[in-house]
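Colleague: First residue of the sequence shown? That's -9 in our numbering, and the numbers climb one at a time after it.
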Amino acid sequence: MNGAAPLFRMEGISKRYGGVRALEKADLTVTAGSIHAILGENGAGKSTLIKVMAGVVAPDEGTMTLDGREVTFASPAAANQAGIVCIFQELSLIPELSVADNIVISDPPKRFGMIDRKAQRRLAEQALARAGAA
Ligand SMILES: Nc1ncnc2c1ncn2[C@@H]1O[C@H](COP(=O)(O)OP(=O)(O)OP(=O)(O)O)[C@@H](O)[C@H]1O
Ligand SMILES: [Mg+2]
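#1: Which residues end up in the neighbourhood of ligand 2 when you take C-beta atoms closer than 7 angstroms to any of its heavy atoms?
#2: Mind checking T38: buried by the 16 CB within 10 Å criterion, or exposed?
#3: Could you check whether the Cβ of A12 sits closer than 7 angstroms to any heavy atom belonging to ligand 1?
#4: Can you give me the C-alpha to C-alpha distance between R112 and P99, rounded to a whole angstrom?
#5: Using the DSSP secondary-structure output, state which residues sit across from T21 in a beta bridge.
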């Protein structure tokens, strides 16, 4: 770390599933512009930690701060809106759908209740350009 303020921080995050302790007071600090890896044995709680930050699972205790402000995510869409997006490995792509469909699949732009294809294409092109793939 280079002394930069943390961009995202999880502190004291715990989650139980019945009698199973999936996470016990887990902390994670993410600084801007760096890549972080979460390592641990099977069942260590990696997926649970990611699900908490992605709004998939609500923690039993603990706090999350993004850009210095405390946040809670009631849904994956809420996490997405805050800029936290989960890309699940391999099987997350649906081969029958287009590249643009797959990119915006968690939160497609809508117009009159239908997917806005033009906006979807624009978002996908922007995302690909950011990734240097356009
Ligand atoms: N929905 C659930 N219901 C009950 N127990 C769960 C649930 N999800 C996770 N667990 C349990 O919580 C613990 C942590 O699981 P988690 O999937 O977060 O671990 P992981 O580090 O991602 O493991 P792996 O390396 O196998 O992917 C495990 O004991 C797991 O069995
Ligand atoms: Mg896992």
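All C-beta atoms in this analysis are idealised placements derived from N, C-alpha and C, irrespective of residue type, glycine included.
Modeller: With the structure as the only source:
#1: K36 and S37
#2: In the sequence shown, counting from the first residue as 1, residue 38 sits at position 48. Answer is buried; the Cβ neighbour count reaches 16.
#3: One-based indexing of the sequence shown puts residue 12 at position 22. For ligand 1, at least one heavy atom lies less than 7 angstroms from the Cβ of A12.
#4: Here residue 112 refers to the residue found at position 122 of the sequence shown. Here residue 99 refers to the residue found at position 109 of the sequence shown. C-alpha separation (whole angstroms): 10 angstroms.
#5: Along the sequence shown, read from residue 1 onward, the residue named residue 21 stands at position 31. Answer is P(-4), bridged to T21.
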